[in-house]
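Asks:
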Amino acid sequence: MAHAAPAVRTPARPARTPDIFSARTHRIARWAVPVGTGLVYGYWVAANNRSGGPVTGWNVLLGFVSTIVFAALWMGVAALAPHMMRELHAVLWAVFAGCAFGFLYANTGTSILRSVWMGLVIGAITFAVLFYRFYTHEDAAGHRIR
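Each residue of the sequence shown is one higher than the one before, starting from 143 at the first, in our numbering.
#1: With 16 as the cutoff for other CB atoms within 10 Å, does H145 come out buried or exposed?
#2: Could you name the residues of the same chain whose beta carbon sits closer than 7 Å to that of V182, not counting the 5 residues immediately before and after it, in chain order?
#3: Going by beta carbon distance, what residues of the same chain come within less than 7 Å of G205, once the five residues before and after it are set aside?
#4: Tell me the rounded alpha-carbon separation between V90 and F243.
#5: Quick check: is the beta carbon of A242 nearer than 9 Å to any beta carbon in chain D?
#6: Who are the Cβ neighbours of N190 in its own chain at under 7 Å, not counting the five residues just before and after it?
#7: What alpha helix (DSSP H) runs, 4 residues minimum, are completely inside the segment 154 to 198?
Take a look at the structure:
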C-alpha cells in the first residue's frame with residue numbers, strides 16, 4: 143500500500159497584514175489626523191462654552207486656541223509615547239485623554255469637581271483599554287509582536 147509522504151514543514155512565518163497606504167499617505171495622516179481631530183475638538187469646546195448663545199469673537203478665539211493646543215499635544219504624545227515602556231505609554235495617552243475630556247466637560251458650566259471626576263474616569267478607562275492593547279501586542283521591551 144502506498145501512503146503519501148509527510149510534507150516538509152518549514153518554520154511558520156508570522157502573517158503580516160498588508161499595508162494598503164503608501165509612505166506618503168502615512169506622512170500626511172501623521173499631520174492631518176491630529177489637526178482634523180483638533181478642529182472638531184475646538185469646535186466642540188467653543189460650542190460647549192457658548193451654551194447655545196450667540197457666537198462671539200472670544201468664543202471663536204477659544205475654539206482656535208483649543209484646536210492648536212489639542213493638535214500640538216496629540217503630536218507631542220504621538221512622538222514621545224512609542225519610546226516609553228508600555229505602562230508609561232498607556233499612562234501618557236490616558237492623561238492626554240483625561241485632561242482633554244475634563245477641559246471639554248468644564249466648558250459646559252458644571253462644577254470643577256465634576257469635571258475633574260469625569261476626566262479621571264475617562265483617563266482610567268483609556269488606561270485600561272490601552273494597557274491591555276499594548277500588553278497583548280508588545281513584548282516587555284516595547285517592540286511590537288509580529
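Using N, Cα and C, we set each Cβ at its ideal position, and we do this for glycine too.
Replies: Taking the structure as given:
#1: Residue mapping note: residue 145 aligns to position 3 of the sequence shown, counting from 1. Counting Cβ neighbours within 10 Å, H145 comes out exposed, since fewer than 16 surround it.
#2: Here residue 182 refers to the residue found at position 40 of the sequence shown. Correct list: empty, nothing qualifies.
#3: Working through the sequence shown from its first residue, we reach residue 205 at position 63. Correct list, in chain order: G184, Y185, V187, A188.
#4: Only positions 143 to 288 of the chain appear in the structure, and residue 90 is not among them; the question remains open.
#5: The structure shown contains no chain D, having only a single protein chain.
#6: Counting from 1 along the sequence shown, the entry for residue 190 is found at position 48. For N190, where only same-chain residues beyond five positions count, the Cβ hits under 7 Å are L246, N249, T250.
#7: Within the segment 154 to 198, the complete alpha helix (DSSP H) runs of at least 4 residues fall at 165 to 192.
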